[in-house]
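2 protein chains.
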Amino acid sequence: MTFIHDGKEGFAATALAGFASAHPRHVRHVPNGVVRSTAVPSGKVSLLVGGGSGHFPAFAGYVGPGLADAAVAGDVFASPSTQAIAGVARAANHGGGILMGFGNYAGDVLNFSQAAERLKAEGIEARILPVTDDVASAPPDQASLRRGVAGDLVVFKIAGAAAEEGLDLDGVERVARHANERTVSFGVAFSGCTFPGAPAPLFTVPHGRMGVGLGIHGEPGISEEPIVPARELARMLVEKLAAEKPAGSDGRVAVILNGLGASKYEELYVLWSSVERELRERGFTLVDPEVGEFVTSLDMAGCSLTLCFLDDELEAYWRAAVDTPVLRKGPMQAQASAAAHHSVASTEAAISDASEESRAGGACLAGLLDDLAAMLAEAEEELGRLDAVAGDGDHGHGMRRGAEAAAKAAQDAARRGAGAATVLARAADAWADRAGGTSGALWGLALRAWSEALSDTAAITKQAVANGAAAALAAVVRAGGAKPGDKTLVDAMTPFVSTLRDAVDRGASLEDAWDEATGAAQAAAGATAQMEPKLGRARPLAARSVGHPDPGAVSLGLAAAAVSAFMRKP
Amino acid sequence: MTFIHDGKEGFAATALAGFASAHPRHVRHVPNGVVRSTAVPSGKVSLLVGGGSGHFPAFAGYVGPGLADAAVAGDVFASPSTQAIAGVARAANHGGGILMGFGNYAGDVLNFSQAAERLKAEGIEARILPVTDDVASAPPDQASLRRGVAGDLVVFKIAGAAAEEGLDLDGVERVARHANERTVSFGVAFSGCTFPGAPAPLFTVPHGRMGVGLGIHGEPGISEEPIVPARELARMLVEKLAAEKPAGSDGRVAVILNGLGASKYEELYVLWSSVERELRERGFTLVDPEVGEFVTSLDMAGCSLTLCFLDDELEAYWRAAVDTPVLRKGPMQAQASAAAHHSVASTEAAISDASEESRAGGACLAGLLDDLAAMLAEAEEELGRLDAVAGDGDHGHGMRRGAEAAAKAAQDAARRGAGAATVLARAADAWADRAGGTSGALWGLALRAWSEALSDTAAITKQAVANGAAAALAAVVRAGGAKPGDKTLVDAMTPFVSTLRDAVDRGASLEDAWDEATGAAQAAAGATAQMEPKLGRARPLAARSVGHPDPGAVSLGLAAAAVSAFMRKP
Numbered sequence: 000m001t002f003i004h005d006g007k008e009g010f011a012a013t014a015l016a017g018f019a020s021a022h023p024r025h026v027r028h029v030p031n032g033v034v035r036s037t038a039v040p041s042g043k044v045s046l047l048v049g050g051g052s053g054h055f056p057a058f059a060g061y062v063g064p065g066l067a068d069a070a071v072a073g074d075v076f077a078s079p080s081t082q083a084i085a086g087v088a089r090a091a092n093h094g095g096g097i098l099m100g101f102g103n104y105a106g107d108v109l110n111f112s113q114a115a116e117r118l119k120a121e122g123i124e125a126r127i128l129p130v131t132d133d134v135a136s137a138p139p140d141q142a143s144l145r146r147g148v149a150g151d152l153v154v155f156k157i158a159g160a161a162a163e164e165g166l167d168l169d170g171v172e173r174v175a176r177h178a179n180e181r182t183v184s185f186g187v188a189f190s191g192c193t194f195p196g197a198p199a200p201l202f203t204v205p206h207g208r209m210g211v212g213l214g215i216h217g218e219p220g221i222s223e224e225p226i227v228p229a230r231e232l233a234r235m236l237v238e239k240l241a242a243e244k245p246a247g248s249d250g251r252v253a254v255i256l257n258g259l260g261a262s263k264y265e266e267l268y269v270l271w272s273s274v275e276r277e278l279r280e281r282g283f284t285l286v287d288p289e290v291g292e293f294v295t296s297l298d299m300a301g302c303s304l305t306l307c308f309l310d311d312e313l314e315a316y317w318r319a320a321v322d323t324p325v326l327r328k329g330p331m332q333a334q335a336s337a338a339a340h341h342s343v344a345s346t347e348a349a350i351s352d353a354s355e356e357s358r359a360g361g362a363c364l365a366g367l368l369d370d371l372a373a374m375l376a377e378a379e380e381e382l383g384r385l386d387a388v389a390g391d392g393d394h395g396h397g398m399r400r401g402a403e404a405a406a407k408a409a410q411d412a413a414r415r416g417a418g419a420a421t422v423l424a425r426a427a428d429a430w431a432d433r434a435g436g437t438s439g440a441l442w443g444l445a446l447r448a449w450s451e452a453l454s455d456t457a458a459i460t461k462q463a464v465a466n467g468a469a470a471a472l473a474a475v476v477r478a479g480g481a482k483p484g485d486k487t488l489v490d491a492m493t494p495f496v497s498t499l500r501d502a503v504d505r506g507a508s509l510e511d512a513w514d515e516a517t518g519a520a521q522a523a524a525g526a527t528a529q530m531e532p533k534l535g536r537a538r539p540l541a542a543r544s545v546g547h548p549d550p551g552a553v554s555l556g557l558a559a560a561a562v563s564a565f566m567r568k569p
Numbered sequence: 000m001t002f003i004h005d006g007k008e009g010f011a012a013t014a015l016a017g018f019a020s021a022h023p024r025h026v027r028h029v030p031n032g033v034v035r036s037t038a039v040p041s042g043k044v045s046l047l048v049g050g051g052s053g054h055f056p057a058f059a060g061y062v063g064p065g066l067a068d069a070a071v072a073g074d075v076f077a078s079p080s081t082q083a084i085a086g087v088a089r090a091a092n093h094g095g096g097i098l099m100g101f102g103n104y105a106g107d108v109l110n111f112s113q114a115a116e117r118l119k120a121e122g123i124e125a126r127i128l129p130v131t132d133d134v135a136s137a138p139p140d141q142a143s144l145r146r147g148v149a150g151d152l153v154v155f156k157i158a159g160a161a162a163e164e165g166l167d168l169d170g171v172e173r174v175a176r177h178a179n180e181r182t183v184s185f186g187v188a189f190s191g192c193t194f195p196g197a198p199a200p201l202f203t204v205p206h207g208r209m210g211v212g213l214g215i216h217g218e219p220g221i222s223e224e225p226i227v228p229a230r231e232l233a234r235m236l237v238e239k240l241a242a243e244k245p246a247g248s249d250g251r252v253a254v255i256l257n258g259l260g261a262s263k264y265e266e267l268y269v270l271w272s273s274v275e276r277e278l279r280e281r282g283f284t285l286v287d288p289e290v291g292e293f294v295t296s297l298d299m300a301g302c303s304l305t306l307c308f309l310d311d312e313l314e315a316y317w318r319a320a321v322d323t324p325v326l327r328k329g330p331m332q333a334q335a336s337a338a339a340h341h342s343v344a345s346t347e348a349a350i351s352d353a354s355e356e357s358r359a360g361g362a363c364l365a366g367l368l369d370d371l372a373a374m375l376a377e378a379e380e381e382l383g384r385l386d387a388v389a390g391d392g393d394h395g396h397g398m399r400r401g402a403e404a405a406a407k408a409a410q411d412a413a414r415r416g417a418g419a420a421t422v423l424a425r426a427a428d429a430w431a432d433r434a435g436g437t438s439g440a441l442w443g444l445a446l447r448a449w450s451e452a453l454s455d456t457a458a459i460t461k462q463a464v465a466n467g468a469a470a471a472l473a474a475v476v477r478a479g480g481a482k483p484g485d486k487t488l489v490d491a492m493t494p495f496v497s498t499l500r501d502a503v504d505r506g507a508s509l510e511d512a513w514d515e516a517t518g519a520a521q522a523a524a525g526a527t528a529q530m531e532p533k534l535g536r537a538r539p540l541a542a543r544s545v546g547h548p549d550p551g552a553v554s555l556g557l558a559a560a561a562v563s564a565f566m567r568k569p
């Protein structure tokens with residue numbers, strides 16, 4: 000159980016702020032993350048690591064000389080947004096390019112990739128490094144599909160040491176990928192975990208059983224078995240990983256025995272006694288083994304074993320000096336530096352000049368987003384119910400938070416004189432940043448692509464709107480990889496975009512074209528929106544659905560309807 | 000829950016071995032503990048810390064330059080024995096005397112005090128330092144009765160820094176006592192804890208409630224209240240400790256926010272955000288605050304806040320460089336040293352020469368202890384049942400383990416040619432070492448005092464036996480502080496000793512005198528021993544008891560009966 004909190008909202012952000020405040024020698028707090036508080040040589044490659052919260056010391060505890068330059072944190076078990084990642088990356092940029100390390104999860108891949116694209120567009124060279132060490136999540140011939148667990152620490156440690164030594168971005172990336180290819184983990188869980196303030200666990204493990212290979216967010220493992228004594232558990236973990244020993248390995252291994260959060264250090268040390276013996280009996284040479292909590296999973300009980308099959312280069316980087324809140328070896332010593340305190344303002348770009356027509360368009364978009372946010376707020380519970388059938392039930396929550404943040408950012412930008420393109424781009428970033436999850440990231444991408452079809456100098460045209468819709472769909476398909484029929488947002492977005500395009504092309508007004516497109520989207524989503532004309536709001540009705548409607552597609556239909564209503568307002 | 004173990008037996012010892020193996024840069028494993036693996040200047044005062052296991056990183060995680068020289072570990076939640084403490088102290092002796100730091104619990108006070116006496120008798124100057132920081136356990140005017148919790152770390156850190164600086168034993172003790180007087184802690188617990196392999200928790204906290212001031216072994220707290228949000232919890236903890244601010248404090252405080260084991264680091268950081276604000280709002284200046292797990296309690300969920308009201312001297316020692324597995328600051332860096340590897344054999348004394356008569360007496364004593372152990376093994380369950388009425392039900396277990404170990408050590412010493420005094424002294428140490436708990440320590444003391452009335456050169460006389468019995472009683476009363484009628488071992492031992500003395504003095508044979516004394520002991524214990532003449536064994540029968548017999552007194556009666564039977568054997 001998680002007992003100490005002020006509710007789920009803000010838990011991750013408050014924990015991060017508390018961590019930063021307790022570790023001034025190592026880190027400085029920036030929006031959504033921490034960066035080193037120590038002096039860093041100009042031109043050094045920066046290692047940015049991150050992912051969802053709830054995994055402490057991953058990832059903020061890894062920041063310091065010899066390891067990461069910065070960590071970005073999402074909400075509990077949720078990827079940080081593209082904007083959050085890019086913002087922390089800007090604050091951690093020392094001119095040598097940025098390598099972004101994270102565990103291989105869909106939301107993280109999406110957001111870190113997008114952030115890298117955005118940074119490249121700004122002239123900051125950025126690469127991504129998804130860690131894929133969990134052998135329980137895919138067979139060896141599909142190793143690139145594996146999830147990332149406690150192997151994160153080994154891969155990041157080695158990459159951080161290479162960056163510290165002065166390798167360039169190509170060099171650091173090569174070493175990091177090599178370390179990732181040689182790193183494997185396997186674990187078991189004895190209990191589920193509970194979100195701060197949640198009335199029930201996210202998932203459970205039956206009494207007396209253990210989930211073998213269970214993921215750190217409860218992802219399916221290999222099997223469920225009766226709990227075995229520590230000696231047998233050690234053998235099981237070592238055997239599984241020993242089978243992954245690559246050709247040419249001479250048996251040198253970096254080792255991490257990791258606790259998931261609720262398993263005691265004494266338990267880990269009892270297990271370690273057997274793990275060490277099992278490894279030595281198989282001829283392995285243990286190099287700087289670490290036993291402790293390195294990648295946790297809220298209050299899950301369980302553990303994992305990680306091996307990195309070392310060669311000379313990897314061993315040197317694994318042994319290299321490091322000083323972070325969670326890992327320290329050698330003479331390196333973090334010392335907070337006043338010079339390292341860049342202005343936090345550097346994480347945000349400025350607002351460019353705009354024409355009067357475009358500013359009017361921007362103000363109009365801001366008003367439209369207010370109405371859209373109000374409609375989604377009203378539909379929050381029903382969207383949550385739809386989502387709970389196949390998902391985790393937080394779709395309505397995410398859509399409301401995203402739309403509210405987008406509306407607020409749009410109003411703010413409009414007040415500061417931004418044109419239509421900038422207003423929508425700011426709204427897009429804020430949406431992705433606050434909504435969280437994959438759907439938040441996709442909405443952010445879609446709106447940002449749409450904004451690029453607009454401009455800060457010309458008025459909004461119906462052609463530009465239709466082009467923007469097409470660009471938004473293309474962005475969602477490119478990033479999310481979904482095809483029509485996959486039961487996603489794309490199912491409603493595809494007919495919406497084609498209908499809008501056709502209607503605009505045959506000369507319909509924007510209002511008529513939008514209405515027609517909205518109808519097409521709702522029909523495809525398998526749900527109608529029941530309009531309340533007075534308020535211009537709607538609630539989704541799954542009346543025409545065959546099977547269950549996808550909540551993402553339903554939200555799109557609702558959002559489109561909100562825009563229709565806005566356009567028809569006197 | 001504790002999921003990773005190979006059963007309760009050996010859990011603490013295996014965890015200690017695993018810890019030592021994972022931290023070769025800091026520690027070296029010795030029987031029952033760890034000592035620094037780093038070079039230590041000759042003549043330096045040694046700081047030995049310790050207590051029961053289950054509190055990791057207390058106490059082994061505190062060993063390293065700038066903090067402790069050694070840690071001794073008992074079984075889970077059980078004091079280490081006098082012998083264990085003395086043994087680790089010998090291995091940690093650098094010639095400057097030894098300060099022994101531990102939390103203020105009866106078993107620890109008893110065993111560390113006895114160990115200090117024993118070391119002094121060997122010419123090693125030793126002092127004890129019970130830490131008394133838990134404000135929930137006694138009011139300010141009885142501060143010396145308070146229990147020790149996470150304040151341990153602050154007091155030990157300051158004492159360790161003073162020792163590192165080169166202060167002599169008087170100086171280190173003065174600084175440590177001063178730190179202890181200025182250190183206060185207060186905590187809450189949200190759940191109980193479970194022994195490794197135990198079918199049920201040791202105690203529980205009702206769902207949705209928190210034990211305010213609950214001790215780290217489940218000792219009673221101040222109240223039980225509904226769980227409050229982190230913000231309110233922070234205020235409650237800070238208010239309670241702020242009220243303890245001593246006159247003359249300028250508001251500088253060392254701070255520890257400690258997690259009990261199952262509370263996540265993220266929870267602690269959320270709480271820290273509020274604790275820090277509350278402290279600053281009250282005008283405190285925070286010096287090197289630490290947030291994390293420092294004194295845990297198996298898998299208990301909960302936390303405690305510790306403040307040490309600093310002056311210039313305490314602040315300097317608190318800020319001083321340190322490098323241990325759990326705490327590191329400044330440029331200090333532990334580096335294992337081959338020179339520091341004393342022989343582990345140095346923890347044991349040699350066997351001195353003995354006369355033939357005394358060796359025969361020693362062999363006889365070893366045989367006697369075998370029978371005594373067999374009888375206690377048979378009575379284990381029933382003694383456990385007697386103990387479960389008012390205690391934790393482990394009296395029978397402890398007596399069996401103690402007696403078995405004593406018999407084994409006696410046989411071993413007798414085989415190696417030891418005289419009667421040495422055989423009994425070795426048996427005494429082994430008993431205390433393996434039995435655990437307060438009664439184990441008292442039996443160890445009693446037999447050791449008895450052994451001092453015997454000799455390695457003369458035959459055993461009935462006068463020597465009677466003198467030994469009186470010395471044993473005096474040792475038990477001195478160490479345990481119990482009076483007749485307190486429902487302890489003393490209730491049976493007092494009439495035993497006086498009856499034995501009187502019978503011997505009036506000329507009875509040892510056998511007759513012993514029989515008479517045994518009868519007096521059993522009558523006083525409120526229990527008779529039902530003899531099975533063939534085996535010479537007995538089972539306790541509480542037939543004549545008014546109220547419930549004390550298990551300690553019953554065991555004494557049983558042991559006396561076993562000796563009677565041994566003496567009457569053909």
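If you read the sequences in order, they're chains V and X. For the first sequence, numbering that gives the first Met the number 0 gives the first residue as 0, with consecutive numbering after it. For the second sequence, numbering that gives the first Met the number 0 gives the first residue as 0, with consecutive numbering after it. No residue lacks a Cβ here, since even glycine has one placed at the ideal position from N, Cα and C.
Between residue 468/X and residue 560/X, the alpha-carbon positions lie close to 15 Å from each other.
Taking the Cβ atoms as the reference, residue 553/X lies roughly 18 Å from residue 513/X, outside the contact range of under 8 Å.
Contacts with chain V (Cβ-Cβ distance below 8 Å) from the region 9-22 of chain X involve 10, 11, 13, 14, 15, 16, 17, 18, 20, 21, listed in chain order. If you draw a straight line from the Cα of residue 68/V to the Cα of residue 105/V, it comes to about 24 Å. Residue-level contact check: residue 410/X does not touch chain V, since none of the beta carbons of chain V fall below 8 Å from its beta carbon.
In this chain, the alpha helix (DSSP H) harbouring residue 466/V covers 461-479. Chain order gives the chain V residues near residue 302/X as 3, where near means a beta carbon separation below 8 Å. With 16 or more other CB atoms across the displayed protein chains lying within 10 angstroms of its CB, residue 425/X is buried.
Residue pairing by DSSP puts residue 126/V in a beta bridge opposite 98/V.
Membership of residue 74/X in the beta strand (DSSP E) is indicated by the continuous run 69-75.
Scanning its chain for C-beta atoms nearer than 6 Å, with the 5 sequence neighbours on each side dropped, one finds around residue 220/X the residues 135, 210, 211, 212, 213, in chain order. Residue 522/X and residue 558/X have their C-alpha atoms spaced approximately 14 Å apart. Following the DSSP letters along the chain, one finds residue 225/X in no alpha helix (DSSP H) but inside the beta strand (DSSP E) bounded by residues 222-225. Residue range 182-188 is occupied by the beta strand (DSSP E) that includes residue 186/V. Take residue 429/V, set aside five residues on each side of it, and the residues of its chain with a beta-carbon closer than 6 Å to its own are 404, 405, 408, in chain order. With a beta-carbon spacing of about 7 Å, residue 267/X and residue 291/X fall inside the 8 Å limit used to define contacts. Chain X places a beta carbon closer than 8 Å to that of residue 0/V, counting this residue as a contact. Going by C-alpha positions, residue 256/X is about 41 Å away from residue 372/V.
The straight-line gap separating the alpha-carbon atoms of residue 434/V and residue 56/V is approximately 24 Å. In this structure, the alpha-carbon of residue 205/X lies about 9 Å from that of residue 191/X.
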